[in-house]
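Under the numbering used here, read the sequence shown as residues 16 to 171, first letter to last.
Glycine is no exception: its CB is placed at the ideal position from the N, C-alpha and C atoms.
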Amino acid sequence: MGVNLEKLNRSTAKRLFGEIINKAERGEEIIVIDALRNKGDEKNAVSIISTQYLDNLFSRIAPFKLIWEYDQILKGYTVTIEGLSTVYGEGNTKEEAIEDLIDALLEYTELYYSNIEWFTSENSATNFDFPFLRRIARCNGDREKIKQLFVEEKCQ
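Here is the structure:
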């Protein structure tokens, strides 16, 4: 006994697209395989899944947990995100550091999406950044929405 996820070839998925969307909205995952291009190989299959489900999942597995450091000599703050070591923000105040972090996140997200095939490849050290950057991209550059993603930790 087991669960078998629904797998459809591309032409069937095109024909049943409305039904597939309804199933995804209810929480089902539908896998689409392009048999002609991939010769039946599921390695490049595509999942159709609820956006809200992905948002909730990524919020749990990759929270924007801020890590603060204060430099006594430079009299400034550095803020990083746990699990996302490629970006950081610096500033004389926490507010300046947050704004610098948002600038870095927006820049990195733009770079990431312009080269997504490379960044998400199996050999890329950054392929686990997607859960973070997808949520940044969904904010459409709105700095206040980005700030709402952050979960603050105590200054270290």
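Asked                                                                                                                                                : Found
Given 8 Å as the limit, is there contact between the region 92-102 and the region 111-128, that is, 3 or more CB pairs closer than that?             : yes
Please state the DSSP three-state secondary structure of L116.                                                                                       : helix
Can you give me the Cβ contacts of I154 inside the same chain, cut-off strictly under 6 Å, excluding the 5 residues immediately before and after it? : For clarity, residue 154 is Cys in the given sequence; the question names Ile instead. Around C154: K160, I161.
Does DSSP put Y128 in a helix, in a strand, or in coil?                                                                                              : helix
Is there at least one Cβ from chain D nearer than 8 Å to Q87's Cβ?                                                                                   : Looking for chain D here will not work: only one protein chain is present.
DSSP on T96, reduced to helix/strand/coil?                                                                                                           : Rather than Thr, the amino acid found at residue 96 in this sequence is Ile. Note: I96 maps to strand in three-state DSSP.
Going by DSSP, name the residue or residues bridged to S62.                                                                                          : I46
What residue range does the beta strand (DSSP E) around I82 cover?                                                                                   : 79-86
Please state whether DSSP places F145 in a helix, a strand or coil.                                                                                  : helix
Check whether the region 67-78 and the region 86-93 touch, using three or more Cβ-Cβ pairs below 8 Å as the test.                                    : no
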